[in-house]
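Last residue of the sequence shown: 1885 in our numbering, with the numbers rising by one and none dropped.
A virtual CB, placed ideally from N, CA and C, is assigned to each residue, including glycine.
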Amino acid sequence: MYLAPDFPVMAGGAAALDDVLAARDARQAAQQALLAAGANCVVSFSVLAPGAVKRSPFLDEVFDIGKGRLKHELGRLNISTHAERLLNHAGGQSLLLAADGAADALKAALIGLEQSHPLGRLWDIDVIDGSGKPLSRPQSGLPPRACLCCDAPAKECARVRRHSMAQLHEAMQQHYRVYLNMAALGGGMRDALVAEAELTPKPGLVDADNQGPHPDMTLPMFRQSAAALAPFLAECAFGGSRFAHEAPGSAMLAAIRPIGLAAEEAMYAATGKVNTHKGALFAFGIAAAALGRRIARQEQGDWPALSADIRAICAGLEPELGRGNTAGARFYRQHGLPGARGEALSGFATLTDFALPAYQQAFAATANRTHALRYVFLTLLAHNGDTNVVKRGGIEALDWLQGRARHILADPAALRQPEALYAALKTLDAQCTEKNLSTGGSADLLALTIWLTEYPNLLGTFYEPT
């Protein structure tokens, strides 16, 4: 299980008043210098630091995380930055970026970043327009920033000193704990994606032996892609946690969609525009949101409960089945194959009906996890209506692959003898490569199975072999 460690909140010395004032003056001077040099607007980033301590391991860590996430978001928004100032003062750190684009639109987008990231409440992101004035949240049609400790406006609480410094520091620590917990969840999902890629042999996929029918992909590329997705899967979990007081529903899917788009761009950046994990991102993002909501509610959950939540979250996808001219829509109309959307609509019923029972059966027979996962993958090939296969070889190819997988499963040796299953998968692997068949849809379900059975998350194990 992933356990998030506590982080020292204010393990630093008090800053002198002169240092605090010097940091403020340096920040304002740098802002004006960037504007004078021709910047359309300036993005100013710092960390909230109530009290006398302005630099500490905690505050510096929160700053570094935010700095990286801010730059990625600006890149995703296609906002070019042509000058940067990093101010490293005893009175506090600041990052200033000279940016193109409309200041008001940029302010609205960066407020969205503050709201979607677990550490967003600890960040102070200002946008200064060409006249030198910082844009306010009300100018973007949003209420003032909320207090760290309550829902009242932060400025109101600060003015009347409603909360003690100890309460403020504890609230900051709690935000960081949430971040660590969500990051651990994203890390578990990342590791499951890597474990799926490394499992060998896998007919129709890249593995440790070969690239299969994917000459543009490599195993290191899959590792890089999984690492790029991890922080965004953590953000999906945090996005789900914001619905703790609501029943799971379509609004959750809408809330994490922008995060998914940002994650997709990060994947393409990591792989040189190769689609390694788009389907897995869709599946894991939804699962992360569902689990994040349960974590926030402090609810114990098993796989059936999480599956039911996923069905509710994805209910709004049903009208999309068969709509449009995508390959998936055509296959649904022509062959009744629901694809990734249909699988999510069902709460990943293929896992419930086939993958998890297969894992339990094979692990019970051999106590060999690698063998059990190979057996799961063969079971998925036999029962999953993988539209990736149809896209490459037509419905006849899917019929052939499912028939071959079922033929292998019919031999008791496939269940009880790891070496027999390995040999059969090697043969099928060569056949899929020869036929140029990709089994990417089954790979996504295999990765989810790995996560559910190996990386139990913060609530305890969802599924254990009996």
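Taking a cut-off of 8 Å on C-beta distances, the stretch 1766 to 1784 does not touch the stretch 1595 to 1604, as fewer than three cross pairs fall below it. The shortest C-alpha to C-alpha distance from M1640 to any of P1632, N1629 and V1693 is the one to V1693. Three or more Cβ pairs closer than 8 Å define a contact, and the stretch 1626 to 1643 falls short of that threshold against the stretch 1555 to 1573. When the five nearest sequence neighbours on each side are left out, the beta carbons in the same chain lying within less than 8 Å of the beta carbon of Q1630 are those of M1636 and T1637, in order along the chain.
Following the DSSP letters along the chain, one finds D1483 inside the alpha helix (DSSP H) bounded by residues P1476 to R1495.
When C-alpha distances from A1435 are compared across L1453, Q1450, Q1593 and G1470, the shortest belongs to G1470.
Taking each of Q1512, F1703, E1589 and H1536 in turn and checking the Cα distance to W1870, the smallest one comes out for F1703. Using a Cβ distance threshold of 8 Å, G1605 and L1652 count as a contacting pair.
Within the DSSP secondary-structure output, Q1512 pairs in a beta bridge with N1507. Per the coordinates, the alpha-carbon of L1864 lies some 35 Å from the alpha-carbon of R1540. Note that the stretch 1509 to 1521 touches the stretch 1434 to 1449; at least 3 beta-carbon pairs, one per stretch, sit closer than 8 Å. Around the beta-carbon of S1583, fewer than 16 other beta-carbon atoms lie within 10 Å, marking it exposed. Along the stretch 1520 to 1545, the alpha helix (DSSP H) occurs as fully enclosed runs of 4 or more residues at 1522 to 1535, listed in sequence order.
For S1463, the enclosing beta strand (DSSP E) starts and ends at C1460 to V1466. In this structure, the CA atom of R1504 is about 16 Å from the CA atom of G1551.
Residue environment for N1807: buried (at least 16 other C-beta atoms within 10 angstroms of its C-beta). Taking C-beta separations shorter than 6 Å and ignoring five residues to either side along the sequence, the partners of A1590 in its chain run L1567 and C1568, following chain order. Three or more beta-carbon pairs separated by less than 8 Å are not found between the stretch 1471 to 1484 and the stretch 1556 to 1566, which leaves the two stretches without contact. Under the three-state reduction of DSSP output, V1439 falls in the helix class.
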